[in-house]
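Heads up: the sequence shown begins at 1 in UniProt numbering, then just goes up one per residue.
Working notes, structure below.
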Amino acid sequence: MLKVEGQPAGAIWVSAPYEGVSQFWMYLLPEHRGKKLAQKLWAQVQEQAKTKESHALEAYRPSEKWLAEKALALGFQEAGAYHLLSWPAPPQKALPEGFEIQSYAEVQKDDLLLKMLETAYAGQHGHQIPTPETVELLLESVSPEHIFLLKHQEECIGITRLEMWEGTHVLDAPGLVPAFRTPELALALVSQVSQNLQGFQMSSWGESPALLQAYLDAGATVVERTPFLVKALEP
Numbered sequence: 001m002l003k004v005e006g007q008p009a010g011a012i013w014v015s016a017p018y019e020g021v022s023q024f025w026m027y028l029l030p031e032h033r034g035k036k037l038a039q040k041l042w043a044q045v046q047e048q049a050k051t052k053e054s055h056a057l058e059a060y061r062p063s064e065k066w067l068a069e070k071a072l073a074l075g076f077q078e079a080g081a082y083h084l085l086s087w088p089a090p091p092q093k094a095l096p097e098g099f100e101i102q103s104y105a106e107v108q109k110d111d112l113l114l115k116m117l118e119t120a121y122a123g124q125h126g127h128q129i130p131t132p133e134t135v136e137l138l139l140e141s142v143s144p145e146h147i148f149l150l151k152h153q154e155e156c157i158g159i160t161r162l163e164m165w166e167g168t169h170v171l172d173a174p175g176l177v178p179a180f181r182t183p184e185l186a187l188a189l190v191s192q193v194s195q196n197l198q199g200f201q202m203s204s205w206g207e208s209p210a211l212l213q214a215y216l217d218a219g220a221t222v223v224e225r226t227p228f229l230v231k232a233l234e235p
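Spelled out as structure tokens, the structure:
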């Protein structure tokens, strides 16, 4: 926390690094917003990230235009984005031969769920390191019947889940282990788990441009876009 004359003036938050990158935010009270104090907060952010052994920082959800502009002025570069997509109807795409979908209710193995959360989203911006607590919180908020695992020759290689946000079905964009991370397979997984829905939304974190385009070509539209802005830390 940053103080001026003994009173709180601003605060920062820096996450544990995920693949070497820490998310962060910094906030100054309106009456203290100025270049000098902002520089002090920014220095605190960098120092804290280094103590966590991060090699880069990611601006946490800079959705307001002025926040993104300030981050870009500091040398941040876009490294992906969060998209909220709307589907008027489920896409039509069959799973390739040799693949099958199984609900987590049929599996009930927390260590497997943790492994899938770790590997299926590896390398995608917007995700953080999952822990056993992550699994516990997920199972408290989402029914096991609505968590879906994609299997290939008895090996789990993908995951997605279906939630309800204020009366709207929202699918978490599929995560696939890198060896199977193709637009065709991701679209097929979306298709198969959404067939009984009249319309739904999908939250997409750090997907590749090719995968996002595949979703758009299949009928999705972008409702919201938030860039992930990343800057390498100086040694």
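Every residue gets a Cβ at the ideal spot worked out from N, C-alpha and C, and that includes glycine.
Predicted, not measured: the structure shown is a model, and the values here were computed from it.
Between the alpha carbons of L74 and L29 lies a gap of roughly 20 Å.
When the Cα atoms are used, A56 and A232 turn out to be separated by approximately 4 Å. Between A49 and V21, the gap from beta carbon to beta carbon reaches 7 Å or more. Beta-carbon to beta-carbon, L171 and S208 are separated by about 18 Å, too far to satisfy the 8 Å threshold. Taken atom to atom, the span from the alpha-carbon of K115 to that of R33 is near 43 Å. The alpha-carbon of S86 is positioned some 5 Å away from that of A220.
Here K93 is not near S204, since their CB atoms are 7 Å or more apart.
Here Q128 is not bridged, per DSSP, to any residue. Taking the CA atoms as reference points, P144 sits about 20 Å from E166. In this structure, DSSP gives E100 an extended state, which the three-state scheme calls strand. Going by DSSP, L28 is part of the beta strand (DSSP E) stretching over V21 to L28.
Ranked by Cα distance from M202, the options R181, R225 and T182 are led by R225.
In this structure, L162 keeps its C-beta atom at 7 Å or more from the C-beta atom of Q102. Counted as a single uninterrupted DSSP element, the beta strand (DSSP E) harbouring E163 occupies residues E155 to W165. Where P8 is concerned, the enclosing beta strand (DSSP E) starts and stops at Q7 to V14. Annotation for A79: H125, F228 and V230 place their beta carbon closer than 6 Å to its own, counting only its chain and skipping 5 residues before and after.
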